[in-house]
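S.K.: Sharing a structure with you now.
Protein chains: 2
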Amino acid sequence: MKLKDIGEFGFIDRLKSKLKADNSVVHSIGDDAAVIKYSRDKYLLFASDILIENVHFKISGQKDIFAKIGHKALACNISDIASMGGVPKYAVISLGLPPDLDYKKALKFFSGAQKLAGKFGISIVGGDLSRSEKVIVDVSLIGIVKKKNLTLRSGARIGDIIFVTGPLGGSCSGKHLTFTPRLKQAQYIIKKYKINSMIDISDGLAGDLWQIIKSSEKGAMLFEELLPITPGARSIKAALYEGEDFELLFTVSVKMAEKITKDKKLKVYAIGEILGNRKIFDLVNKKGRRRKLKPGGYEHF
Amino acid sequence: MKLKDIGEFGFIDRLKSKLKADNSVVHSIGDDAAVIKYSRDKYLLFASDILIENVHFKISGQKDIFAKIGHKALACNISDIASMGGVPKYAVISLGLPPDLDYKKALKFFSGAQKLAGKFGISIVGGDLSRSEKVIVDVSLIGIVKKKNLTLRSGARIGDIIFVTGPLGGSCSGKHLTFTPRLKQAQYIIKKYKINSMIDISDGLAGDLWQIIKSSEKGAMLFEELLPITPGARSIKAALYEGEDFELLFTVSVKMAEKITKDKKLKVYAIGEILGNRKIFDLVNKKGRRRKLKPGGYEHF
Chain A
412 MKLKDIGEFG
422 FIDRLKSKLK
432 ADNSVVHSIG
442 DDAAVIKYSR
452 DKYLLFASDI
462 LIENVHFKIS
472 GQKDIFAKIG
482 HKALACNISD
492 IASMGGVPKY
502 AVISLGLPPD
512 LDYKKALKFF
522 SGAQKLAGKF
532 GISIVGGDLS
542 RSEKVIVDVS
552 LIGIVKKKNL
562 TLRSGARIGD
572 IIFVTGPLGG
582 SCSGKHLTFT
592 PRLKQAQYII
602 KKYKINSMID
612 ISDGLAGDLW
622 QIIKSSEKGA
632 MLFEELLPIT
642 PGARSIKAAL
652 YEGEDFELLF
662 TVSVKMAEKI
672 TKDKKLKVYA
682 IGEILGNRKI
692 FDLVNKKGRR
702 RKLKPGGYEH
712 F
Chain B
412 MKLKDIGEFG
422 FIDRLKSKLK
432 ADNSVVHSIG
442 DDAAVIKYSR
452 DKYLLFASDI
462 LIENVHFKIS
472 GQKDIFAKIG
482 HKALACNISD
492 IASMGGVPKY
502 AVISLGLPPD
512 LDYKKALKFF
522 SGAQKLAGKF
532 GISIVGGDLS
542 RSEKVIVDVS
552 LIGIVKKKNL
562 TLRSGARIGD
572 IIFVTGPLGG
582 SCSGKHLTFT
592 PRLKQAQYII
602 KKYKINSMID
612 ISDGLAGDLW
622 QIIKSSEKGA
632 MLFEELLPIT
642 PGARSIKAAL
652 YEGEDFELLF
662 TVSVKMAEKI
672 TKDKKLKVYA
682 IGEILGNRKI
692 FDLVNKKGRR
702 RKLKPGGYEH
712 F
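Chains A and B are the protein sequences, given in the same order.
Quick note: to get this note's numbering, add 411 to the position in the first sequence (first position is 1).
Quick note: to get this note's numbering, add 411 to the position in the second sequence (first position is 1).
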């Protein structure tokens, strides 16, 4: 059987049992970042994202494309650390580049990454270079999270209200290369409110909400009318299934949800509810009619 | 100008000035791993290596090739941590794989990596997957080093004896896929002796010795007669310039060298001497005739 027959998530499920972690590892594979023991009141977070030409971006014809790729490669990882409740600290960057590439373009890649790193207090401390036909970039990021701020996918509770930090869809039109990771928002809500579960939307709203309910062993329903859609995004479908919005998706109790909705410093959108019945994963339209959501997000294979 | 015109090391030199690290970073780009403040008596080490099909390995025709790639991808990084005097702890693995690949072969990759990880007490804690035409793997590794054990490239002193931990050359014939990183030896010599500088040989003996003398601002000469050559390696040239031996290259004072040479538990080879004159980078044959060594190691561009 081929990878495309079992899919990315099918492969990850088969893979998990093969890997062993020692007891200094608090959470291994299965969240946006691994969680590792660090100090009395803090954990280390460790995340990694690979971007490949013609899969995650195209080179030809785009203005400042190398700076944008550098930005995106780091931004994806910052988003992973943010969604765990942590703060990013140290990055290593591995790059595959064609030998015929103008070296100034290659330097622009690092300018793009450094500009974002500077903004978020991240130090780029090393990496690796290789020749390659296609442009490839893999960033690994170490973050730090206070134990009391750690937020996993698996903490969603029955009755939780589902929130998202911004409008969805339309990432394919270029936003995925220039987005600002929601670190500031994540830190704000985590310090001020009790968040039960959180994930960043990298595989599409439906796919990432599915990750939350699967690992929390719950069900969910979303309300079509409440979904914030990026101006210019084509449809509800784009908002549900297009990957790489990089907004945060989180769930809180009804009591917290009331406080959050009244918080004038915070622009977030309540879009649905967590249910006890694990078989329900539905979209409800304004007439109250339900439609099943597709559980999968963006599948790489 | 293209990357191939300025070369890998020319590019890294231009890159360094673009990147900024905060003062929790003890050593950034320029050694086998970055060094980061951690606790009263320990540092974190952070390393990354990318391997690309047809650059670092070939898929076709080799037995167990996926397990070997998994082994090699982790082993390169262990070697980096070992040469800094540290112990590897946590790895993340990013993989690009063709969707048409048999998923059992892809699992073999993780079996190979996990087998080595288990041997060295490393936890594989996460990573990323993407589809890709070519097989691509990037491993990032966090290690820990006692402050007193930290060993840099830049510490070589005038009169130091240059040692290597094993025979060189012949890596292209397959050893580069199956080598055991020299962690045990590194830990042994670091705990027992005072090591002034160390690096792992990934770009060839001449290239990596060049890194030591460049960062230590010294010169060096090697003695042709003393170079240990892998049985089957074709020539002195293979021993000097073939990359990926993954033996350790280190320098110690004459006094330490005497002790090390007498240590029956240790199999290492004295091969040369560090000099004060930065212009000397020579190979001396048995007649005492000198020949200039090529400073560069394996160049990726």
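In this text, a Cβ means the ideal position worked out from N, Cα and C, and glycines have one as well.
1. Tell me the DSSP secondary structure of L508 (chain B) in three-state form.
2. Using a beta-carbon distance below 8 Å, is K429 (chain A) in contact with chain C?
3. Identify which residue in A:I470, A:I600, A:F521, A:L563 has its Cα closest to the Cα of S608 (chain A).
4. Please name the residue in A:Q622, A:F420, A:K519 whose C-alpha comes closest to that of G662 (chain A).
5. Kindly say whether K587 (chain B), judged by its beta-carbon, lies nearer than 8 Å to any beta-carbon of chain A.
6. Please classify E669 (chain A) as buried or exposed, where buried requires at least 16 other C-beta atoms within 10 Å of its C-beta.
7. What does the Cβ neighbour count give for K519 (chain A), buried or exposed, with the cut at 16 atoms within 10 Å?
8. Hey, which unbroken runs of the beta strand (DSSP E) at 3 residues or more fall wholly within the segment 526 to 599 of chain B?
9. Which term fits G687 (chain B), buried or exposed, when burial requires 16 or more other beta carbons within 10 angstroms of its beta carbon?
10. Which residues of chain A have a Cβ atom closer than 8 Å to the Cβ of Q596 (chain B), listed in chain order?
11. Between S505 (chain B) and S459 (chain A), which are expected to be in contact by the criterion C-beta below 8 Å, what is the C-beta distance as a whole number of angstroms?
12. If I'm right that V498 (chain B) touches I555 (chain B) with Cβ under 8 Å, what's the distance once you round it to whole angstroms?
13. Determine the direct distance from the alpha carbon of L485 (chain B) to that of I624 (chain B), and round the result to whole angstroms.
14. With burial defined as no fewer than 16 other Cβ atoms inside 10 Å of the residue's Cβ, what is the status of I628 (chain A): buried or exposed?
15. Would a check of beta-carbon distances place A478 (chain A) closer than 8 Å to chain B?
16. Quick check: the segment 568 to 579 of chain A against the segment 664 to 680 of chain A, are there 3 or more CB pairs under 8 Å?
17. Assuming I480 (chain B) and G523 (chain B) make a contact with CB atoms under 8 Å, what is their CB distance in whole Å?
18. Please state if the CB of F692 (chain A) and the CB of L704 (chain A) are separated by a distance shorter than 8 Å.
19. Buried or exposed: where does P642 (chain A) fall if 16 or more other Cβ atoms within 10 Å of its Cβ makes it buried?
20. Short of 7 Å in beta carbon distance, which residues of its chain neighbour K557 (chain A), apart from the five on each side in sequence? Order them along the chain.
21. Whole angstroms are fine: how far does the CA of S494 (chain B) sit from the CA of L565 (chain B)?
22. Between E655 (chain B) and the rest of its own chain, which residues show a CB-CB distance below 7 Å, the 5 nearest in sequence each way excluded?
23. Answer yes or no: does any C-beta atom of chain B fall closer than 8 Å to that of F531 (chain A)?
24. Counting along the chain, where does the beta strand (DSSP E) carrying I610 (chain A) start and finish?
25. How big is the Cα-Cα spacing for A567 (chain B) and K559 (chain A)?
26. Going along chain B, which residues have a C-beta under 8 Å from E684 (chain A)?
27. Is there a Cβ of chain A sitting closer than 8 Å to that of F468 (chain B), yes or no?
28. How about A517 (chain A) and F477 (chain A): are their beta carbons less than 8 Å apart?
29. For M632 (chain B), write down the residues that DSSP places opposite it in a beta bridge.
30. Closest to D511 (chain B) by C-alpha separation, out of B:C487, B:G532, B:E544, would be which residue?
31. Report the rounded CA-to-CA distance for D442 (chain A) versus C487 (chain B), giving the unit in angstroms.
32. Contact check, S541 (chain A) vs V466 (chain B) under 8 Å by CB: the rounded distance?
33. Does the distance from the CB of L521 (chain B) to the CB of L430 (chain A) come in under 8 Å?
34. What do you get for M412 (chain B), buried or exposed, if any count of 16 or more other CB atoms within 10 angstroms of its CB means buried?
35. Given this structure, state the Cα-to-Cα distance separating A445 (chain B) from D491 (chain B), to the nearest angstrom.
M.R.: Answer, in terms of the structure:
1. strand
2. Any reference to chain C falls outside this structure, whose protein chains are A and B.
3. A:L563
4. A small fix is needed here, since residue 662 (chain A) is Thr in this sequence, not Gly. The residue with the shortest Cα to Cα distance from T662 (chain A) is A:Q622.
5. The sequence given here places His at residue 587 (chain B); Lys does not occur at that position. Taking Cβ atoms only, chain A never reaches closer than 8 Å to H587 (chain B), which makes this a no.
6. exposed
7. buried
8. 534 to 542, 547 to 557, 572 to 575
9. exposed
10. Neighbours of Q596 (chain B) on chain A: none; closest Cβ ~23 Å, over 8 Å.
11. 5 Å
12. 6 Å
13. 27 Å
14. The sequence given here has Glu at residue 628 (chain A), not Ile. It is exposed - the Cβ of E628 (chain A) has fewer than 16 other Cβ atoms within 10 Å.
15. no
16. yes
17. 7 Å
18. yes
19. exposed
20. D452, K453
21. One detail in the question is off: residue 565 (chain B) reads as Ser in this sequence, not Leu. Approximately 12 Å between the Cα atoms of the pair.
22. S582, H587, S613
23. no
24. 608 to 611
25. 45 Å
26. The contacting residues do not exist; E684 (chain A) stays about 30 Å from chain B at best.
27. no
28. yes
29. B:E684, B:D693
30. B:E544
31. 26 Å
32. 6 Å
33. Leu is not the amino acid found at residue 521 (chain B); the sequence shown has Phe there. Closer than 8 Å, so yes.
34. exposed
35. 10 Å
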